[in-house]
């Protein structure tokens, strides 16, 4: 099974729109949403059956037993995350800052602190005619990279006999993106012809290169700024990356999304362009 | 004249704050809704403001402001180093580390900086005092001036996983300031967003007119409620037809501060890295109006 990961650096360039189109076009039997912080793929990949849900345990959170606490304050001094606060002569743990490292638990002379398991999100696995692995991180949690790894593991363990798996990624270049990069065969970057889009594209290319993953690039909404589209094409030449095509701006995309459908289920301008991007991408993936 | 329309939906009546001006965080859940567009133009529309880019993974505000008189500050975290001559192989550190950043391989402690969370536990707990800490650079804070705006940008080095330490450092800079401060947040609702809104007095949630936009608006809506931050919504890129995000606001009684219609002129200005309020008076008027509708009535 070859895995294609869709990334962008900048948010809102059309990762999920392209991912959902690719899933329909390839009739992929396996796909995943690694944007665990703001997952959206499930909104247009309507499912007949309810998913199998599993709680995702993050890093654990420390708790202070006020009965045992002797108010020495050592935990507050040693905490690297400023997670221990003194309130009304009592030490408490701010769960949103606590990273579950266990330093406080280890150094407390009064043995008043313990790190407890913490539900940091939910993993979901849909098994219908296809397998769809996704998750939702609990608000404010800091372990998105680990959850991304779980989403991919879930897809791997499903033992699907299929040639290609499509993985929708998250914006940015940080932990969830780095976690999503491991073990994929190729990255498709969906860029946008704005100066911001170009700057973010460079940063995601540099990140993908650090992890030595083969990368190709397409431009979405290319006609909103032709000059910048040409800049992106030239940059790809410079970086020696394959450029797999231009997708025009199409207001039907918004309509399709709001109907919970993929753009390729509509007959419109963007559809043909996405089909061509798809063909080129799959060709490169299979060589 | 560009073909854009805007509507001021509500003008909340806030008491004017005298001494210190507001710190306003702009967030969205979904990426690409226009956080940076709103943040940059709000700051530029004010007579004097500080713009802080907390989207350290993909900072873009500086592309618009092109700040001058730049200064740089390196942001570092502490990671462990082992003195192998002191290490007796007891593995206390390996067993303690929850992030698997240490391993004992071929009778030698190996450290994996990439997954280290800099908790300091291994250094504290090593019975032989064989572990000490060294600084590791993870990013940069860039400061500069762009006309009426002081521009502060956090930048995470590529390949680094967490920008939270950079935002903590940015917060130290923001906190004592008394000028109007606009904080451009990262997308999502994870730890990094919470860190970014910590010092904010007010939050602006930016949403797109799509099912995706609405779904992600719901997440940040819950987030700002959880942290008791007063907030309002700006609906961006509005087109004819249904707007799930608008319906969401109506249903939950959320104040809509402004609706900006999708318009190719604004799109062009923005994609070329220009600041709309510095290009046309009508955009300046639009954002001045938005500023006035915020608590403190900043003009």
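Protein chains in written order, with the numbering used here: chain W, 1003 to 1289; chain F, 144 to 442.
C-beta: ideal position from N, C-alpha, C; glycine also.
- Taking every protein chain shown into account, the CB of residue 1010 of chain W has 16 or more other CB atoms within 10 angstroms, so this residue is buried.
- Taking all protein chains shown into account, residue 1154 of chain W has 16 or more neighbouring C-beta atoms within 10 Å of its C-beta and is therefore buried.
- The Cβ of residue 1101 of chain W sits closer than 8 Å to at least one Cβ of chain F.
- Taking the CA atoms as reference points, residue 284 of chain F sits about 22 Å from residue 331 of chain F.
- Taking 8 Å as the cut-off, the Cβ atoms of residue 263 of chain F and residue 276 of chain F count as close.
- Contact of residue 1173 of chain W with chain F is assigned, a C-beta pair being separated by under 8 Å.
- A Cβ-Cβ distance of about 16 Å is found for the pair residue 325 of chain F and residue 206 of chain F, leaving them out of contact under the 8 Å criterion.
- For residue 1013 of chain W, the chain F residues whose Cβ falls inside 7 Å of its Cβ are 173, 174, 175 and 330, in order along the chain.
- Closer than 7 Å at the C-beta level to chain W, one finds these residues of the stretch 267-284 of chain F: 267 and 268.
- In this structure, the beta-carbon distance from residue 1031 of chain W to residue 1162 of chain W falls below 8 Å.
- Linking residue 396 of chain F to residue 428 of chain F through their CA atoms gives a straight-line distance of about 27 Å.
- Per the C-alpha coordinates, the member of F/173, F/186 and F/169 positioned closest to residue 420 of chain F is F/186.
- Counting along the chain, residue 387 of chain F sits inside the alpha helix (DSSP H) bounded by residues 387-395.
- Against chain F, the beta carbon of residue 1177 of chain W has neighbours under 8 Å at 304 and 305, listed in chain order.
- Partner residues in the beta bridge of residue 222 of chain F, as assigned by DSSP, are F/277.
- The beta carbons of residue 1046 of chain W and residue 1259 of chain W sit closer together than 8 Å.
- Judged by DSSP secondary structure, residue 408 of chain F falls within the alpha helix (DSSP H) whose first and last residues are 407-414.
- Listed along chain W, no residue sits closer than 7 Å to residue 379 of chain F by beta-carbon distance, the nearest being about 10 Å off.
- When the alpha-carbon of residue 1248 of chain W is set against those of W/1237, W/1242 and W/1272, the nearest one is in W/1272.
- Using beta-carbon distances, residue 1098 of chain W counts as an interface residue toward chain F, with a partner under 8 Å.
- In the structure shown, the three-state DSSP call for residue 1098 of chain W is coil.
- Judged by DSSP in its simplified three-state form, residue 169 of chain F adopts strand.
- Among the residues facing chain W, residue 359 of chain F is included, as its CB has a counterpart in that chain under 8 Å away.
- Within the same chain, and ignoring the five residues on either side of residue 387 of chain F in sequence, the residues whose Cβ sits closer than 8 Å to its Cβ are 352, 353, 354, 356 and 357.
- With a threshold of 16 other beta carbon atoms within 10 Å, residue 1113 of chain W falls short and is exposed.
- Residue 1285 of chain W is bridged by DSSP to nothing; it lacks a bridge partner.
- Residue 1288 of chain W and residue 1281 of chain W have their C-alpha atoms some 11 Å from each other.
- Nearest neighbour of residue 314 of chain F by Cα position, chosen from F/266, F/302 and F/337, turns out to be F/337.
- Annotated three-state conformation of residue 1143 of chain W is coil, per DSSP.
- The Cβ of residue 1188 of chain W sits no closer than 8 Å to any Cβ of chain F.
- Runs of alpha helix (DSSP H) with 4 or more residues, each lying fully within the stretch 1148-1215 of chain W, are found at 1177-1183 and 1197-1212, listed in chain order.
- The DSSP-derived three-state label of residue 1271 of chain W is helix.
- The stretch 1010-1023 of chain W and the stretch 1085-1098 of chain W do not touch, with fewer than three beta-carbon pairs separated by less than 8 Å.
- Between residue 251 of chain F and the set F/323, F/171, F/238 and F/228, the nearest pair of CA atoms involves F/228.
- The beta-carbon separation of residue 1198 of chain W and residue 203 of chain F, rounded to 4 Å, stays under the 8 Å limit for a contact.
- Its chain contains 1034, 1127, 1153, 1156 and 1157 as the residues whose beta carbon lies nearer than 6 Å to that of residue 1135 of chain W, once the 5 sequence neighbours on both sides are disregarded; these appear in chain order.
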